[in-house]
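To start, the structure under review is shown below, and the notes come after it.
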Amino acid sequence: MSRIGKLPIAVPSGVDVAIDDSLVTVKGPKGTLSHTIASPITVAKGEDGILEVQRPNDERESRSLHGLTRTLINNMVVGVTEGYEKKLEIVGVGYRVLPKGPTQLEFQLGYSHPIIFDAPEGITFTTEGPTKLGVVGIDKQLVGEVAAKIRKLRKPEPYKGKGVRYAGEHIRRKVGKAGK
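Add 1403 to a position in the sequence shown, counting from 1, and you land on the number used in our numbering.
See the structure below:
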């Protein structure tokens, strides 16, 4: 049995979970998320606001989807109650970010032009100074994807460490060329 899949999902008060065949919709104080469950897996609502993910058999596909489905539903519950945030930091002389509203950023990353980055729906940005920013939203997958796209604008390089990196990310440094 899947160690993650068999864990119950606690639904806090203020969160409403609707199960309609294979569509699970989670509504909370921060918004609404929905997910379609793969065919062999079922979700049952228990007493005391607890959700349980069940699989019909021990086939390979069912086992692999069991833990995944439970984690995705749990991420939706956490997202609509607390939300998710990825923090990024910018390292480099003259590299900075300027907020142009809650859903738009302007980056100066050493290119000849500024880069304007628009947030998709459901994502907002927070900036703490010219070199620190945060990507905030209720969908964990979307928050991570937007943070990865921002990091991709100027990946950290291994010689000086300049670029956009996740907060706390360690960049493996290389020594420069050896002089005679």
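Ideal Cβ placement from N, Cα and C applies to all residues, glycine included.
Practice task
State the Cα-Cα distance for the pair P1523 and L1545, rounded to the nearest angstrom.
Solution key: 9 Å
Handout entry: Spatial neighbours of V1483 in its chain, beta-carbon cut-off 8 Å, leaving aside the 5 residues before and after
Key = V1418, V1429, K1430, G1431, P1432, K1433, G1434, T1435, L1436, I1541
Practice task
Could you tell me whether the Cβ atoms of T1527 and P1505 are closer together than 7 Å?
Solution key: yes
Exercise for the section: Determine the direct distance from the alpha carbon of T1530 to that of E1572, and round the result to whole angstroms. Expected result: 18 Å
Problem - For T1474, three-class secondary structure by DSSP - result: helix
Exercise for the section: Ignore the nearest five residues each way along the sequence and tell me which others in L1475's own chain have a CB closer than 8 Å to its CB. Expected result: H1438
Practice task
Might you give, ordered along the chain, the residues of its own chain that have their beta carbon closer than 7 Å to the beta carbon of P1459, omitting 5 neighbours on each side?
Solution key: P1443, S1465
Problem - Among Y1514, A1447, V1567, G1408, the one whose alpha carbon lies nearest that of S1588 - result: An answer regarding residue 1588 cannot be provided, because it is not within the stretch 1404 to 1583 covered by the chain.
Exercise for the section: In angstroms with no decimal places, state the Cα-to-Cα distance between K1503 and D1423. Expected result: 40 Å
Handout entry: Beta-carbon proximity list for P1470, same chain, < 8 Å, skipping 5 on both sides
Key = What sits at residue 1470 in the sequence shown is Gly, not Pro. S1405, R1406, I1407, G1408.
Problem - Range covered by the beta strand (DSSP E) that runs through R1576 - result: No beta strand (DSSP E) holds R1576; DSSP gives it neither H nor E.
Exercise for the section: Out of Y1498, Q1507, D1521, L1508, state which residue places its alpha-carbon closest to the alpha-carbon of Y1514. Expected result: Y1498
Practice task
Could you check what DSSP says for G1434 in three-state terms: helix, strand or coil?
Solution key: strand
Exercise for the section: Could you spell out where the alpha helix (DSSP H) holding K1555 opens and where it closes? Expected result: 1543-1556
Handout entry: Nearest-angstrom beta carbon gap, F1520 and L1512 [assumed within contact, 8 Å]
Key = At roughly 11 Å, the Cβ-Cβ gap does not stay under 8 Å, so L1512 and F1520 are not in contact.
Exercise for the section: Let me know if V1578 comes out buried or exposed under the rule of 16 or more other beta-carbons within 10 Å of its beta-carbon. Expected result: exposed
Practice task
Using alpha carbons as the reference points, say which of K1535, G1532, E1548, P1533 lies closest to G1525.
Solution key: E1548
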